[in-house]
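Numbering (numbering that gives the first Met the number 0), first residue to last: 0 to 434. Just below is one structure, and these are the notes that go with it.
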Amino acid sequence: MAQQEVQQELYVDRYTLGLVGPDQEWAGTVADGGTIRTYTPPGCWGPMITPSFRGGHEVTRPIRVEGAEVGDAVALTIREIEVTSMATSTGSMAEREDAFGDDPFVDHRCPECGTEWPETVVEGTGEDAIRCAECGANASSFGFEYGYTVAFDDDHAVGITLDDAAAHELAEDAEDVMDIPENSRQHPILLYAPSEMPGTLGRLRPFIGNVGTTPSVTMPDSHNAGDFGQFLIGADHDYGLDGEADLDARTDGHMDVPEVRAGATLICPVKVDGAGVYVGDLHANQGDGELSLHTTDVSGAVTMDVEVIKGLDVDGPILLPNEEDLPFISRPYSDEERERGRDLAADHGVDLEEGMGPIQVIGSGATINDATQNAFDRAGALLDMTEGEVRSRCTFTGGVQIGRLPGVVQLDMLAPMDVLEQRGLAHLVREQYGL
């Protein structure tokens with residue numbers, strides 16, 4: 000990936016074919032302190048039903064950040080997310096076992112002629128609409144076990160699920176309704192026109208499901224996490240890994256944490272020189288856990304500010320959510336609470352640790368328990384604490400939330416500001432929470 004001219008503001012509207020890694024072509028170079036603007040296509044379902052993709056998402060080409068080197072971190076402050084799709088389809092998935100090898104997200108093949116990662120054409124609508132360009136067979140790896148189509152209001156404040164006739168009408172104009180970008184290579188999932196549970200109203204609040212920095216080995220973008228990454232271990236395809244240790248190259252960009260939304264700051268590890276920031280998998284909404292493994296994929300525009308934090312050698316992401324998204328127990332103390340604390344400390348003859356700030360350490364693993372242990376390990380290394388202290392602080396001033404089943408979590412705690420100062424994070428925490 001050759002270096003390019005440094006830009007204070009960089010706009011990106013080109014994408015990878017489902018991969019992240021050091022061999023992907025740079026989108027450009029943004030200044031330390033600069034701004035990234037992206038226009039991204041939908042994430043999961045479109046790439047999943049498009050057999051030419053090597054991963055389950057369509058993310059931007061990686062963005063080089065001026066001065067970012069291995070062993071640093073990059074802070075991404077999300078300023079704005081604008082959803083441009085007017086509808087989408089989603090649900091729980093069913094796999095077509097004859098249309099892939101080890102992994103339905105990765106090693107696609109035509110079930111009739113055997114072409115690997117076949118080019119496809121669209122014929123009509125419905126789950127048999129994606130056809131192999133070579134032989135004409137239904138070549139998609141996925142259908143719906145239970146699916147629904149959602150139309151959004153003009154302000155993207157609410158969505159409603161549609162019946163068969165309304166879903167079919169949108170499927171006839173799927174690309175325009177979903178606002179598939181010009182440079183995107185996916186088929187729009189609206190083509191499938193699922194129509195179960197019609198008339199259900201849902202609140203919308205957009206966020207980014209897959210955002211972060213480039214891992215040090217090439218892998219499918221949807222598998223850049225400790226849970227989905229398990230499917231790469233021992234896999235007999237181009238992106239298979241030998242063992243669990245090889246997953247240490249990941250950067251956990253695929254979090255599906257709904258708090259990664261406008262107003263939040265995400266601090267990401269740098270595992271290749273230049274960082275290789277990428278953005279994708281926008282969602283219109285999602286409940287914690289993403290219990291059907293998929294949610295409302297949409298196109299949209301993202302604006303983020305970028306800052307390099309030199310020498311902050313972290314293994315995975317750290318999230319500073321909007322204050323309203325923090326659990327009650329993890330929010331910054333009010334003036335009244337601090338005054339009560341001073342009085343209580345004086346009564347008992349102890350010194351009050353007044354400087355505390357909220358952080359969320361992201362952990363991932365094969366299961367929720369594994370992900371939580373990973374978060375304990377990362378928090379201990381970040382804050383130079385024993386696991387016992389991490390567990391205790393998280394119990395008394397924090398907790399654990401589920402980003403995605405089976406294995407992504409957010410470990411909440413109020414961390415000592417003097418420790419955050421030593422790690423170069425204190426200014427970000429102060430800015431985020433007005434401390």
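Yeah, the Cβ is synthetic: ideal placement off N, Cα and C, and Gly gets one too. Every value quoted in this text rests on a predicted model; they were computed, and no experiment measured them.
| query | Measuring CA to CA, which of P180, E8, A166 and E388 is closest to G32? | reply | Locating residue 32 in the sequence shown gives position 33, counting from the first residue. The shortest CA-to-CA distance from G32 to any of P180, E8, A166 and E388 is the one to E8.
| C-alpha gap between D369 and E133, whole angstroms | Here the question's residue 369 lines up with position 370 in the sequence shown. Here the question's residue 133 lines up with position 134 in the sequence shown. C-alpha separation (whole angstroms): 43 angstroms.
| task | To the nearest angstrom, report how far apart E408 and P331 are at their CA atoms. | result | Here residue 408 corresponds to residue number 409 of the sequence shown, with the count starting at 1. Here residue 331 corresponds to residue number 332 of the sequence shown, with the count starting at 1. At residue 408 the sequence reads Val, which differs from the Glu that was named. Those two C-alpha atoms are separated by around 21 angstroms.
| task | Only counting runs of 4 or more residues, tell me where the alpha helix (DSSP H) segments fall wholly within the region 22-83, in order along the chain. | result | 44-47
| In its own chain, which residues sit with a C-beta less than 7 angstroms from the C-beta of M92, not counting the 5 before and 5 after it? | For the purposes of this step, residue 92 is identified with residue 93 of the sequence shown, where counting begins at 1. If the five residues before and after M92 are omitted, its C-beta is found closer than 7 angstroms to the C-beta atoms of F141, F143, E144, L292 and H293, all from its own chain and listed in chain order.
| query | Thinking C-beta only, is T212 closer than 8 angstroms to V301? | reply | For the purposes of this step, residue 301 is taken as the residue at position 302 of the sequence shown. For the purposes of this step, residue 212 is taken as the residue at position 213 of the sequence shown. No, the pair does not count as a contact, with Cβ atoms beyond the cut-off.
| request: Could you pull the start and end residues of the beta strand (DSSP E) that F209 belongs to? | output: Residue 209 sits at position 210 when you count from the first residue of the sequence shown. The residue asked about is misnamed: residue 209 is Asn in this sequence, not Phe. Its beta strand (DSSP E) spans residues F206 to G211.
| query | Which full runs of the beta strand (DSSP E) of 3+ residues lie inside the region 270-324, going along the chain? | reply | Correct list: 274-282, 299-308 and 317-319.
| Exposed or buried, what is R339 when buried is set at 16 or more other beta-carbons lying within 10 Å of its beta-carbon? | Numbered from 1 along the sequence shown, position 340 holds the residue referred to as residue 339. By the 10 Å Cβ count, R339 comes out exposed.
| Looking at G252 and V305, is the spacing between their C-beta atoms short of 8 angstroms? | For the purposes of this step, residue 305 is identified with residue 306 of the sequence shown, where counting begins at 1. For the purposes of this step, residue 252 is identified with residue 253 of the sequence shown, where counting begins at 1. Not in contact: V305 and G252 (Cβ atoms no closer than 8 angstroms).
| Within 10 angstroms of its Cβ, does Q2 collect 16 or more other Cβ (buried), or is it exposed? | Within the sequence shown, residue 2 is the residue found at index 3, counting from 1. Annotation note: pLDDT 49 at Q2 (below 50); position unreliable, no value reported.
| query | Considering only the beta carbon of each residue, do P326 and G398 sit closer than 8 angstroms? | reply | Along the sequence shown, read from residue 1 onward, the residue named residue 326 stands at position 327. Along the sequence shown, read from residue 1 onward, the residue named residue 398 stands at position 399. Contact: yes.
| message | Is the beta carbon of M303 closer than 8 angstroms to that of L75? | response | In the sequence shown, the residue the question calls residue 75 occupies position 76. In the sequence shown, the residue the question calls residue 303 occupies position 304. Taking the C-beta atoms as reference points, M303 is found nearer than 8 angstroms to L75.
| query | With distances taken from CA atoms, which of P357, M85, Q372 and A380 is nearest T396? | reply | Counting from 1 along the sequence shown, the entry for residue 396 is found at position 397. Checking every option, the nearest Cα to that of T396 belongs to P357.
| task | Report all residues from its chain with a CB closer than 7 angstroms to the CB of P219; omit the five preceding and five following residues, and keep chain order. | result | Walking along the sequence shown from the start, residue 219 turns up at place 220. Excluding sequence neighbours, P219 sits near G17, L18, R53, G54, G55, F104, V105 and Y238.
| message | I'd like the list of long-range same chain contacts for M0, defined as Cβ closer than 6 angstroms, with 5 residues on each side in sequence excluded. | response | Taking the first residue of the sequence shown as 1, we reach residue 0 at position 1. Note that M0 scores 44 on pLDDT, short of 50, meaning its location in the model is unreliable and no value can be drawn from it.
| message | Are the CB atoms of G315 and E377 within a distance shorter than 8 angstroms? | response | Position 378 of the sequence shown holds residue 377. Position 316 of the sequence shown holds residue 315. Per the sequence presented here, residue 377 reads as Arg, with Glu not at that position. Pairing R377 with G315 gives a Cβ-Cβ distance under 8 angstroms.
| message | For the beta strand (DSSP E) containing L169, name the first residue and the last one. | response | What you label residue 169 is simply residue 170 of the sequence shown in a count that begins at 1. Premise fails: L169 lies in the alpha helix (DSSP H), D163 to A170, not in any beta strand (DSSP E).
| request: Give me whichever residues DSSP pairs with H107 in a beta bridge. | output: For the purposes of this step, residue 107 is taken as residue 108 along the sequence shown, with counting starting at 1. Looking at the DSSP assignment, H107 forms a beta bridge with F99.
| message | Residues in the same chain with beta-carbon distance under 8 angstroms from R13, minus the five sequence neighbours each way, listed in chain order, please. | response | Here residue 13 is taken as the residue at index 14 of the sequence shown, counted from 1. Taken in chain order, the residues that qualify are A26, T59, R60 and N182.
| request: May I ask which residues mark the beginning and end of the alpha helix (DSSP H) holding I367? | output: Taking the first residue of the sequence shown as position 1, residue 367 is located at position 368. Per DSSP, I367 belongs to the alpha helix (DSSP H) from I367 to L382.
| task | Please name the residue or residues paired with E8 in a DSSP beta bridge. | result | Within the sequence shown, residue 8 is the residue found at index 9, counting from 1. Looking at the DSSP assignment, E8 forms a beta bridge with T34.
| task | Determine the closest residue to H155 out of F227, Q185 and I80, with distance taken between C-alpha atoms. | result | Along the sequence shown, one-based indexing puts residue 155 at 156. Comparing Cα positions, the closest option is I80.
| Residues in its own chain within less than 8 angstroms of I361 by CB, not counting five upstream and five downstream? | Taking the first residue of the sequence shown as 1, we reach residue 361 at position 362. In chain order, D251, M254, V256, G315, P316, I317, L318, A374, R377, G402, V407, V408, Q409 and L410 place their CB closer than 8 angstroms to the CB of I361, counting only its own chain and leaving out the 5 sequence neighbours on each side.
| task | Would you check if there are 3 or more beta carbon pairs closer than 8 angstroms linking the region 35-46 to the region 228-245? | result | no
| What do you reckon, are the CB atoms on V69 and D245 nearer than 8 angstroms? | By one-based count along the sequence shown, residue 69 stands at place 70. By one-based count along the sequence shown, residue 245 stands at place 246. No, they are not a contact pair.
| query | In the region 127-186, which residue ranges form an unbroken alpha helix (DSSP H) of at least 4 residues, counting only runs that do not cross its ends? | reply | 163-170 and 173-177
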